[in-house]
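Q:
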Amino acid sequence: MDLYQKYPIRLRINEQDREFDVESWVTLLDLLRERAGLTGTKKGCDHGQCGACTVLVDGKRVNSCLTLAVMQNGHEVTTIEGMAKGNELHPLQQAFIEQDAFQCGYCTPGQICSAAGLIAEGQARCRDDVRELMSGNLCRCGAYPQIARAVIQVMGIEEPDTKKEGFTTGAVLT
Ligand code: FES
Ligand code: FES
């Protein structure tokens with residue numbers, strides 16, 4: 550078996566049709582970063598534990614380090630570079646700025662793609678749901694309260710009364 554045999558694939562990435570010849574073992578993450586020139590998607594752990602590599606495939610959030618590029622042949626991929634429309638930021642990008650929801654920013658592309666997927670899933674009804682359903686996206690800077698606030702802002706969910714509910718600023722998500 551020729552490990553370096555290449556397979557032709559087509560992907561629609563950020564509303565552009567792209568074609569690649571890739572080896573069967575190339576992950577979607579490596580294809581995006583190293584062959585498509587889209588380095589907004591980050592590599593943290595490279596084995597499904599941090600969520601930094603989250604992108605949307607056909608609108609669903611996926612850890613791009615855990616899927617092979619050839620498996621996504623014919624599918625539509627959205628990365629952080631595809632979230633803004635022209636000069637207009639995606640509402641989640643705007644909310645992350647307004648809520649100060651990042652520090653180093655390394656996890657942010659994955660957080661935003663994951664949040665977009667979460668909102669599309671329609672399962673989150675409250676702050677705790679957001680915290681639970683975003684728990685696959687780690688932030689080593691600990692910006693979890695602000696990240697949750699940004700997502701809640703876009704979803705239009707009321708913030709809890711922090712005094713009544715004993716909410717502690719700086720509490721971590723997990
Ligand atoms: S780089 Fe994919 S989950 Fe960490
Ligand atoms: S902002 Fe630094 S890891 Fe999340």
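Under this note's numbering, think of the first position of the sequence shown as 550, with each following residue one higher. Ideal Cβ positions, reconstructed from N, Cα and C, are used throughout, including at glycine.
To the nearest angstrom, report how far apart Val702 and Arg674 are at their CA atoms.
A: Correcting the residue identity first, residue 702 is Gln in this sequence and not Val. Distance between the alpha carbons of Gln702 and Arg674: 12 Å.
Q: Among residues of its own chain, excluding the 5 on either side of Cys653, which ones have a beta-carbon nearer than 7 Å to its beta-carbon?
A: Cys690, listed in sequence order.
Q: Listed in chain order, which residues are found with a beta carbon closer than 6 Å to a heavy atom of ligand 1?
A: After applying the 6 Å Cβ criterion, the set is Lys592, Gly593, Cys594, Asp595, Gly597, Gln598, Cys599, Gly600, Ala601, Cys602, Asn612, Cys614.
Q: Ignoring anything shorter than 4 residues, give me the alpha helix (DSSP H) runs that lie fully in the segment 625-658, in order along the chain.
A: 640-647, all fully within the segment 625-658.
Q: Should Thr628 be counted as a contact of ligand 2 given a C-beta to heavy atom distance under 7 Å?
A: No.
Q: Give me the residue from Gly608, Arg584, Ile562 with the minimum Cα distance to Gly666.
A: Nearest of Gly608, Arg584, Ile562 to Gly666, Cα basis: Gly608.
Q: Would you grab the beta carbon distance between Gly623 and Arg559 for me? Rounded to a whole angstrom, and I think it's under 8 Å.
A: Yes, they are in contact, since the Cβ atoms of Gly623 and Arg559 sit about 6 Å apart, within 8 Å.
Q: Keeping to the same chain, check which residues put their C-beta closer than 8 Å to that of Met546; ignore five residues upstream and five downstream.
A: No answer is possible for residue 546: the residues shown for the chain start at 550 and end at 723.
Q: Applying the criterion that 16 or more other CB atoms from any shown protein chain within 10 Å of the CB defines a buried residue, is Gln565 buried or exposed?
A: Classification of Gln565: exposed, given that the 10 Å Cβ count is below 16.
Q: Does at least one heavy atom of ligand 2 sit under 7 Å from the Cβ of Ala664?
A: No; taking the cut-off as 7 Å, the Cβ of Ala664 has no heavy atom of ligand 2 nearer than that.
Q: Given this structure, state the Cα-to-Cα distance separating Gly597 from Tyr553, to the nearest angstrom.
A: Rounded to the nearest angstrom, the two C-alpha atoms are 25 Å apart.
Q: Would you say the beta carbon of Phe645 comes nearer than 7 Å to a heavy atom of ligand 2?
A: No, ligand 2 has no heavy atom inside 7 Å of this Cβ.
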